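Below is one structure, written out as structure tokens; the observations come after it.
There are 2 protein chains.
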Amino acid sequence: MNPVEIIKKKRHGKALSKEEINYFIHSYVKGELPDYQVSALLMAIYFNGLNDEETRLFTRAYIDSGKRVDLSHIHKPSVDKHSTGGVGDKTSLILAPLISCFDVVVPMISGRGLGHTGGTLDKLESIPGFRVHLPVEEFVKNIEKLGVCMIGQTDDLTPADKKIYALRDVTATVENTGLITASITSKKIAEGAKSIVYDVKVGTGSTLPDIKSASILAGNLLKISRDFSLGAIAVLTDMNSPLGYAIGNWLEVKECVELMNPALKKSPFSNDLLEVTLFLAGAMLFVAGRTNSIEEGIIMSGKKLASGKCYKKFIEMVVNQGGDKTFIEDLSQYPSPKFNDKVTAEKSGFISKLDALKAGLASVTLGCGRKHMHDKIDYSAGIILDKKPGDYVNKNEPIYFVYGDSAEKISLCKQILNESIEISENKPEIKNKVLEVIN
Amino acid sequence: MNPVEIIKKKRHGKALSKEEINYFIHSYVKGELPDYQVSALLMAIYFNGLNDEETRLFTRAYIDSGKRVDLSHIHKPSVDKHSTGGVGDKTSLILAPLISCFDVVVPMISGRGLGHTGGTLDKLESIPGFRVHLPVEEFVKNIEKLGVCMIGQTDDLTPADKKIYALRDVTATVENTGLITASITSKKIAEGAKSIVYDVKVGTGSTLPDIKSASILAGNLLKISRDFSLGAIAVLTDMNSPLGYAIGNWLEVKECVELMNPALKKSPFSNDLLEVTLFLAGAMLFVAGRTNSIEEGIIMSGKKLASGKCYKKFIEMVVNQGGDKTFIEDLSQYPSPKFNDKVTAEKSGFISKLDALKAGLASVTLGCGRKHMHDKIDYSAGIILDKKPGDYVNKNEPIYFVYGDSAEKISLCKQILNESIEISENKPEIKNKVLEVIN
């Protein structure tokens, strides 16, 4: 195999063969192919794309590069949820314990935040003691025991994806539907779930600007998932404004606990976070075969959440993975950030926009996320929305509260948050967060 | 500077700034930027191109990365010739001594063969003892003394181009007009000549398939050359069939000596090699200011060649650079390859095609060229054309003679050569090799 000829072939827009794709991926993982030839191929793929068959071959090669979790001995339906990433996107923290209350196992492998989007792993790690790095054997044991386990990507599963994703990240070759599809589906197939719901985010705070591009990715995810016998549904949800009221790792855990714990009634029950979470829960129960429709699943999930059983399961999961439940049971014990401030309305009117991208970037300046993979996270820092799009605000009334460990960071954060706000005289139409279901 | 953002910018088709281009090139040369980010940028450039200003900035950065030869103290016109590469393309061996007979200095820095095209350096090195790796100081001294010196690229001149070209070669990012232009012109500007003739090859045996793409490259070469005050003319010449009768390093030197030495009258005087060589010579004399037209230069060059003075100068140059002139003065002394064979006509008729790409690839199997940069060259191996396109051939009459050091290589070479031949019943129209002059 001549790597230059393979790169040239893709550069000319031709489809690569199984042998060529396997040669590139497996040689790279073995260290026999240099980074620079792989990055050149990735950039050629960025421009000329991968067809369905090539995407399937990439997915297969990623899976075959590592172990594959087998949960068949548990004899229960299994389901996972994957989000393409957004701001304030914390639904996994509720969905994993919630769905496992229905005798459906939830093996969930999540990622870290990068850029303006948050990551489930960082949120979990804000709970003191919570361990997200478990070997595959312990992951399987936890699922056997509790029906749910949430961990980070391990070296055992899809190591080829891990190595190639790291290279894509530093060579501006992330944004390609075929490569994204292979990366996501290979991980999901390797982790052992038999079905999956894809939450494909659409809008400024996501990687996909419009419904058209989101639909293309969703279609690809479904096609490749089914090629590998993974039951799948995609839900397109709006990410033009942050989801829920909190942005920042511990603040998001807190918001979820307030939704899960029936003793706490702080958040308005009918907010957008609940809408998206229950819809995804309904879709998960449906795709796992527990209900005959998404709607039936939504109703069952709402009842389960209100019953407090999901909260109880969340506590069990936290304890099972080494987390200190006292912080969950008494949210006020968590250390508060040294500094706080607020962003107020410059004029009275209806909030027509709270831009998710700007809010996400603002949260990164506080240390909620990373500009680079090695950046340190400030778990307690973050932003609380006091208003949501559609709300009326008086001049000088607060829109955001900001928490952080330095006045400089807060000042920079406020600047960016100010740019996120649009206020109009007329009440804007606020659409549902769930835009479309593709299955 | 964030390299990922710079790659992304070019990926989106935007023009890079001076600071961004300098950052990428100079950091790479210093070893501060990894290969994989540079190769990703190069592939993005392959797809989205470089505009004139970016090409100029690449050229400038390449030049500034090393020394620049100054020949102004010689007080004579100076001219070089650069070919984009072909099969049997040996004109430099005649042009360098020929033009220096007109009191015009010729500082010539050439390259090696790679892929199906031959390289002037390999041809020169087939002369026992000939040294092509000279320090810049010796290069200048030779030009002062003889008016001509032919060497290879040194580490002193345009090291950035050298490092980036090596990366382009292994990442399938060679074929881009902007990158090719910057690479060629920077070397020519750094080597100290004040004027240049570009021989832009067109056809199967070149890197440019048609007149349109060759004209674009030629236009770019002229534009950038003039931006740096280098007088320039481009000549588009046909490379659909090999130039002259010989392919292979020593065989090509021999063909040139037979043209230069008036005592030898072996080659037909009016062949295509002579046509192209004299035309380029005329263009060199014209662009150097020695004549008022290319045509005048052609006539003067033809006379000089016939006079034997060019041959005398060639011998002087060989001796001056350590070569053993006895092999030149008595061509029969050169060791012959162990094996030889011939490729014959399968039917009678007119030869309508002897494909240059196939002939070039066939010569590589004999060891005349390299598949990889570290491959060893067999200087005495090669192919002699017994017929040229337009010639009539009887069935079983030889078309090619093949020379090599193993029967296997010769067998493989013959197979490829067979595919290069097309014979037709009607006499094909044979056009001139010189297609167009752009200035």
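Each protein sequence line maps, in turn, to chains F and U. Heads up, the working numbering is the position in the first sequence plus 3, with the first residue counted as 1. Heads up, the working numbering is the position in the second sequence plus 3, with the first residue counted as 1. Think of the CB as a built atom: it goes at the ideal place given N, C-alpha and C, for glycine as much as any other residue. Owing to the predicted nature of the structure, the values given are computational and were not obtained by experimental measurement.
With fewer than 16 other Cβ atoms inside 10 Å of its own Cβ, leucine 267 (chain U) counts as exposed. The C-beta distance from threonine 87 (chain F) to aspartate 275 (chain F) rounds to 17 Å, too long to meet the 8 Å contact threshold. For alanine 169 (chain U), the nearest beta carbon of chain F is not closer than 8 Å to its own beta carbon. Taking the C-beta atoms as reference points, asparagine 25 (chain F) is found no nearer than 8 Å to alanine 237 (chain F). With 16 or more other CB atoms across the displayed protein chains lying within 10 angstroms of its CB, lysine 191 (chain F) is buried. Residues of chain U whose Cβ lies closer than 7 Å to the Cβ of alanine 175 (chain F) are, in chain order, Val7, Ile10, Lys11, Arg14, Ala43. When beta bridges are read from the DSSP output, cysteine 152 (chain U) appears opposite U:Pro110. Distance from the Cα of isoleucine 250 (chain U) is smallest, within the candidate group U:Ser103, U:Phe404, U:Leu45, for U:Phe404.
Per the C-alpha coordinates, the member of U:Val322, U:Ile426, U:Asp344 positioned closest to serine 355 (chain U) is U:Ile426.
The residues Gly385, in chain order, have a CB closer than 6 Å to that of leucine 254 (chain U) in the same chain once the five nearest residues on each side in sequence are set aside. For the pair of segments examined, the region 122 to 142 of chain U was found to touch the region 314 to 326 of chain U: the number of CB pairs separated by less than 8 Å reaches three. Under a criterion of Cβ atoms nearer than 8 Å, no residue of chain F is adjacent to methionine 4 (chain U); the nearest Cβ is some 14 Å distant.
Here the alpha carbons of glutamine 156 (chain U) and glycine 69 (chain U) stand approximately 12 Å from one another. For methionine 320 (chain U), no CB of chain F lies under 8 Å from its own CB, so it is not counted at the interface with that chain. When C-beta distances to chain U are compared with 9 Å, the residues of the region 17 to 42 of chain F below that value are Pro37, Asp38, Tyr39, Gln40, Val41, Ser42, in chain order. Within a 10 Å sphere around the beta-carbon of lysine 204 (chain F) sit 16 or more other beta-carbons, which makes this residue buried. Along the region 9 to 41 of chain U, the alpha helix (DSSP H) occurs as fully enclosed runs of 4 or more residues at 21 to 32, listed in sequence order. Leaving aside the five residues that flank lysine 93 (chain U) on each side, the residues in its chain whose CB is nearer than 6 Å to its CB run, in chain order, Glu255, Cys259. For a Cβ distance threshold of 7 Å, residue set Arg14 of chain U lies close to tyrosine 49 (chain F), ordered along the chain. Residue pairing for proline 401 (chain F): DSSP places it in a beta bridge opposite F:Thr347.
Residues of chain F with a Cβ closer than 7 Å to the Cβ of methionine 46 (chain U) are, in chain order, Ala43, Met46, Ala47.
Using a Cβ distance threshold of 8 Å, glycine 206 (chain U) and proline 245 (chain U) do not count as a contacting pair. In terms of Cβ geometry, glycine 372 (chain U) and glycine 195 (chain U) do not form a close pair [threshold 8 Å]. The bridge partners DSSP lists for tyrosine 406 (chain U) are U:Asn343, U:Gly385.
Between leucine 357 (chain U) and the set U:Ile402, U:Phe342, U:Gly292, U:Thr368, the nearest pair of CA atoms involves U:Ile402.
Unbroken alpha helix (DSSP H) runs of no fewer than 4 residues, entirely contained in the region 169 to 209 of chain F, are found at 180 to 193, following chain order. Per the coordinates, the alpha-carbon of tyrosine 382 (chain F) lies some 34 Å from the alpha-carbon of glycine 181 (chain F). Fewer than three beta-carbon pairs drawn from the region 287 to 300 of chain F and the region 149 to 163 of chain F are found closer than 8 Å, and the two stretches are therefore not classed as touching. Non-local C-beta neighbours of proline 338 (chain F) in its own chain, meaning closer than 8 Å and more than five positions away in sequence, comprise Ser383, ordered along the chain. By the 16-neighbour rule on beta-carbons within 10 angstroms, threonine 329 (chain F) is exposed. When only Cα atoms are considered, asparagine 54 (chain U) and isoleucine 10 (chain U) end up about 16 Å apart.
Comparing C-alpha distances from asparagine 51 (chain F) to each of F:Asn5, F:His15, F:Leu74 shows the shortest one belongs to F:His15. Between the alpha carbons of lysine 307 (chain F) and leucine 101 (chain F) lies a gap of roughly 7 Å.
Beta-carbon to beta-carbon, asparagine 399 (chain U) and alanine 348 (chain U) are separated by about 6 Å, close enough to satisfy the 8 Å threshold.
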